[in-house]
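A.B. asks: Here it is, the structure, as structure tokens.
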Amino acid sequence: DAPSDAAWRAEFFKRVGGGALLATSQYPLLRERAMAALVTTQDSATAALLFQHALEHPNPLVRRLGCIGLGALGESEYLQYLKPMLNDSNRLVRLACGFALGAIGTSAALDAMM
40 DAPSDAAWRA EFFKRVGGGA LLATSQYPLL RERAMAALVT TQDSATAALL FQHALEHPNP
100 LVRRLGCIGL GALGESEYLQ YLKPMLNDSN RLVRLACGFA LGAIGTSAAL DAMM
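Numbering (the numbering used here), first residue to last: 40 to 153.
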């Protein structure tokens, strides 16, 4: 285990995790594993930044994973990025956003679903 404050960690996760998650052409399972790995890195700032980028991706699977990732991080500060996803053109992205808001669980997150 590398120390959580190692200088190279953020750049590594951006390149490896972000590349696997955000690449134009990628296997869906690899995207899912990249999202899971980013959630467990204990580097929520880097993970959140990558998940925010995922919300803007043209592929709905990537947008879903961005929602799920932000929800798994569980911080209410991510509500501002998740709320617009409730109006996504893809039904499964909207569903993932609902799960993410439920995972965050604050009254503001739950109110956003109403």
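For glycine and all other residues, C-beta sits at the position ideal for the given N, C-alpha and C.
#1: By Cβ distance below 7 Å, which residues in the same chain neighbour Thr85 in space, the five residues on each side in sequence not counted?
#2: Just curious, the alpha helix (DSSP H) that Gly56 is in, first and last residue?
#3: Just reading off the alpha helix (DSSP H) that Leu140 is part of, what are its end residues?
#4: Of the residues Ala93, Gly144 and Pro99, which one's Cα is nearest the Cα of Met74?
#5: Can you list, in chain order, the residues of its chain whose CB lies under 8 Å from that of Pro67, leaving out five sequence neighbours each side?
#6: Closest to Gly57 by C-alpha separation, out of Ala142, Gly108, Phe138 and Ala46, would be which residue?
#7: Can you tell me where the alpha helix (DSSP H) holding Thr79 begins and where it ends?
#8: How is Asn98 classed by DSSP in three states: helix, strand or coil?
#9: Could you tell me the alpha carbon to alpha carbon distance between Ser146 and Arg102, rounded to whole angstroms?
#10: As a quick exercise: from Asn129, Ser128 and Met152, pick the residue whose alpha carbon is nearest that of Ala19.
#11: Here's the rule: buried if 16 or more other CB atoms are within 10 angstroms of the residue's CB, otherwise exposed. What is Val132?
C.D. replies: Checking against the coordinates, here is how it stands:
#1: Walking along the sequence shown from the start, residue 85 turns up at place 46. Counting only Cβ-Cβ distances below 7 Å, and skipping sequence neighbours, we find Ala49, Phe52 and Lys53.
#2: By 1-based counting over the sequence shown, the position of residue 56 is 17. Per DSSP, the continuous alpha helix (DSSP H) segment holding Gly56 begins and ends at Arg48 to Leu61.
#3: Here residue 140 is taken as the residue at index 101 of the sequence shown, counted from 1. DSSP places Leu140 inside the alpha helix (DSSP H), whose first and last residues are Arg130 to Ile143.
#4: Indexing the sequence shown from 1 puts residue 74 at position 35. Distance check between Met74 and each of Ala93, Gly144 and Pro99 places Ala93 closest, using alpha-carbon atoms only.
#5: Here residue 67 corresponds to residue number 28 of the sequence shown, with the count starting at 1. Leu100, listed in sequence order.
#6: Here residue 57 corresponds to residue number 18 of the sequence shown, with the count starting at 1. Closest by alpha carbon: Gly108.
#7: Position 40 of the sequence shown, counting from 1, holds the residue named residue 79. Looking at the DSSP string, Thr79 is not in any alpha helix (DSSP H), and its letter there is neither H nor E.
#8: Position 59 of the sequence shown, counted from the first residue, corresponds to residue 98. Secondary structure at Asn98: coil, using DSSP grouped into helix, strand and coil.
#9: Working through the sequence shown from its first residue, we reach residue 146 at position 107. Working through the sequence shown from its first residue, we reach residue 102 at position 63. Separation of Ser146 and Arg102 (C-alpha to C-alpha, rounded to the nearest whole angstrom) is 24 Å.
#10: The structure shown has nothing for residue 19, since the chain only spans 40 to 153.
#11: Mapped onto the sequence shown, residue 132 falls at position 93. Val132 comes out buried.
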